[in-house]
Amino acid sequence: MLETTTLKLGFLPLLDSAPLIIARERGFFADEGLDVILVREHSWANIRDRVSWGLLDGASMLAPLPLAASLGLAAPAVPMLTGLVLSRHGNAITLSEPLCQRLESYQLPLGEALRLAIREEQLSLHLATVYPYSCHHYQLRSWLEQHQLEPDNDLCFSAVPPNRMLEKMEAGELDGYCVGEPWNSLAEQRGSGRIVATGEQIWPNFCEKVFAVTRSWAERNPNSHLALLRALKRACDWLGQPAHRAEALELLTLPPYLDRLAGLLEPERILPLMPQFHLNNRPDPADAAFLLRQMQQCRQWSGDDIEQVAAEGFRPDLYDRIASGN
Amino acid sequence: MPLDVLLIDTEPGRIRTLTDALHALGHRVVATLPNAETLSTHVQQLQPDIVIIDMDGPDRDTLDSMAAMSRTEPRPIVFFAETGQPADTIGEAIRAGVSAYVSDGVQAERVKPILDTAIAQFNAFNELRLERDQALDKLEERKLIDRAKGLLMKHQNWDEEQAYKTLRKLAMDRGQKLVDVARHVIDALENLLDNAKR
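First to last, the protein sequences are chains Y and H. Count the first sequence with the working numbering and you get residues 1 to 326, in order. Count the second sequence with the working numbering and you get residues 1001 to 1198, in order.
As structure tokens, this is what we get:
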């Protein structure tokens, strides 16, 4: 028995919101007896607050966001959890063309060139990510650390909405960013930047977006929750078939969803940077623990009960129930 | 003591009414911006006590990020829900679609009247917008009903009254709204008339 059948789910107009949109447009929610309204939101902060305060039943979220919400890192703590990974990969780091040319002129490996420019030549670099509690943010820091840079001392960070990143870099206000598509391949195509690393290279097979609800909602609506997860998993599998790519893009272009943004998503160009929807949808507490350590490292979180927070936030047991058909 | 307020809102009309209301409370509105593009410069220069932002813009994440990054700075900014506001106020603000960020050290009880004013203005604006949308819907509905009536008159050689009565009866029989019946009639009759032309 479904506890509730009329549901409101939140999404941002991004490529990896596709599973929610496909589940609705292809009737997968309806097949589960669910009447789902998709609400296009304007920011991750809105999504967090509206899910926390019960104005949305659930949402597609950045993988670190339900953990940050549970810990109360940026807002009053509301425990959240995920039983389904919606996508993996899809991010990339792009540096501006002028910066790339300067680094090239040193004729050194990239990391050495960056250290020389910043530490010897006092170049002050300004990089952007979309949100402080995002894989983009931690991946950019990881990549800098892989090149022996100290993110907190060597550079400046800021948050910029995805659709404004490229124009800010072209205006010389940013030297680079870490973001999802189409803003990386578009920079290359316009000759204003170069992709220097993909999320897949930095953290292979890591989760990117998850479907999250509050713990109290999950406890009140166990069957409706599983029905939602089943419909979304079906959408992820559907998206995983190359034959559906064109139709998927067509559905994403519909007015309530990605609108004009979808017009920038030319399949051939972004293919290498496509989020993977069906690679593996099982949430792994080890991934959550890894994200929590990132939060500690950049001093967003000072707690230490990593294992417990990870196990409560990423719930493979829920995934296993829908995957086994129970 | 007056507080310095910075407003970020995409609706010019609402900026005006909210500014007036805050002035009436004795506060200063130090800047109004349509988006947060130049926000960090404004915050550095003007040092507002509170930033009020429309939740329908893409810029809230910039403020969330400034809050996260400012923690180690001398005067960090904090999401208003973390400043000890009553749960009701937080819920009302989220429902009304307005959010706020507060400079650390400004007392919660000084922030609350400002929040209440913003919530009231946003709610009033939302109501107006709803009324306007409903009025537009009504107009659209009337147009559809008129078109269905016209088609029935032409197709059945009925007068206006008979066409209208038939629509009303169909709606009652089917338990549907008049406008939905009108849509059906338009679909059915336009197909018929199109086929007849061929």
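Heads up, the beta-carbon is just placed ideally off N, CA and C, and yes, glycines get one too.
Opening and closing residue of the alpha helix (DSSP H) in which residue i lies
i, result
"Y/Glu247", "245-252"
"Y/Phe29", "28-31"
"Y/Arg220", "215-220"
"Y/Ser17", "Run containing Y/Ser17: none; DSSP gives neither H nor E here."
"Y/Ile306", "306-313"
"Y/Ile322", "316-323"
CB contact flag (residue i, residue j, <8 Å)
i, j, result
"Y/Phe28", "Y/Ala310", "no"
"Y/Lys209", "Y/Ser60", "yes"
"Y/Val39", "Y/Leu110", "no"
"Y/Pro76", "H/Glu1082", "yes"
"Y/Asp57", "Y/Leu9", "yes"
"Y/Gly313", "Y/Leu34", "no"
"H/Leu1167", "H/Lys1149", "yes"
"Y/Ala248", "Y/Ile22", "yes"
"H/Ile1119", "H/Val1098", "yes"
"Y/Asn153", "Y/Glu3", "no"
"Y/Glu41", "Y/Leu12", "yes"
"Y/Val36", "Y/Arg24", "yes"
"Y/Pro66", "Y/Ala212", "yes"
Per-residue DSSP class, three states only, for residue i
i, result
"Y/His278", "coil"
"Y/Glu208", "strand"
"H/Met1153", "helix"
"Y/Ala63", "coil"
"Y/Gly172", "coil"
"Y/Ser87", "strand"
"Y/Ala75", "coil"
"H/Asp1004", "strand"
"Y/Thr82", "strand"
"Y/Asp35", "strand"
"Y/Ala159", "strand"
"Y/Leu56", "coil"
"H/Leu1040", "Strictly speaking, residue 1040 of chain H in this sequence is Ser, with Leu absent from that position. Three-state DSSP puts H/Ser1040 in a helix."
"H/Val1106", "coil"
"Y/Tyr106", "coil"
"Y/Tyr177", "strand"
"H/Thr1072", "helix"
"Y/Ser224", "helix"
"Y/Ser134", "coil"
Selection from the options that minimises the alpha carbon distance to residue i
i, options, result
"Y/Arg282", "Y/Asn205, Y/Gln241, Y/Trp238", "Y/Asn205"
"H/Leu1018", "H/Thr1117, H/Ala1031, H/Gln1162", "H/Thr1117"
"Y/His137", "Y/Asp317, Y/Asp304, Y/Ile306, Y/Gln300", "Y/Gln300"
"H/Arg1183", "H/Lys1169, H/Lys1154, H/Glu1161, H/Arg1147", "H/Arg1147"
"Y/Glu307", "Y/Leu318, Y/Ala286, Y/Asp317", "Y/Ala286"
"Y/Trp53", "H/Lys1149, H/Asp1049, H/Asp1088", "H/Asp1088"
"Y/Cys135", "Y/Ala246, Y/Met1, Y/Trp203", "Y/Trp203"
"H/Pro1058", "H/Glu1037, H/Leu1178, H/Ala1135", "H/Glu1037"
"H/Ala1031", "H/Val1043, H/Ala1024, H/Glu1140", "H/Val1043"
"H/Val1005", "H/Asn1035, H/Arg1174, H/Val1029", "H/Val1029"
"Y/Leu292", "Y/Thr253, Y/Pro64, Y/Leu144, Y/Phe157", "Y/Pro64"
"Y/Cys207", "Y/Leu86, Y/Ser70, Y/Leu108, Y/Thr94", "Y/Leu86"
Limits of the unbroken beta strand (DSSP E) element including residue i
i, result
"Y/Cys298", "Where Y/Cys298 is concerned, there is no enclosing beta strand (DSSP E), given that its DSSP letter is neither H nor E."
"H/Ser1099", "1098-1103"
"Y/Thr129", "125-129"
"Y/Arg51", "According to the sequence displayed, residue 51 of chain Y carries Val and not Arg. No beta strand (DSSP E) contains Y/Val51, which is instead part of the alpha helix (DSSP H) from 44-52."
"H/Gly1026", "Taken as a continuous stretch (DSSP letters only), H/Gly1026 belongs to no beta strand (DSSP E), as it is neither H nor E."
"Y/Ile195", "193-198"
Chain C residues whose Cβ lies nearer than 9 Å to that of residue i
i, result
"Y/Ser158", "As a matter of chain content, chain C is missing from the structure shown, whose protein chains are Y and H."
Does the segment 112-131 of chain Y come within contact of the segment 165-175 of chain Y, defined as at least 3 CB pairs closer than 8 Å?
-> yes
Take every Cβ of the segment 187-203 of chain Y, pair it with every Cβ of the segment 213-225 of chain Y, and state whether three or more of those distances are shorter than 8 Å.
-> no
Cβ pair count under 8 Å reaching 3, the segment 1102-1110 of chain H against the segment 1044-1061 of chain H = yes
Are there three or more Cβ pairs, one per stretch, closer than 8 Å when the segment 1052-1070 of chain H is compared with the segment 147-167 of chain Y?
-> yes
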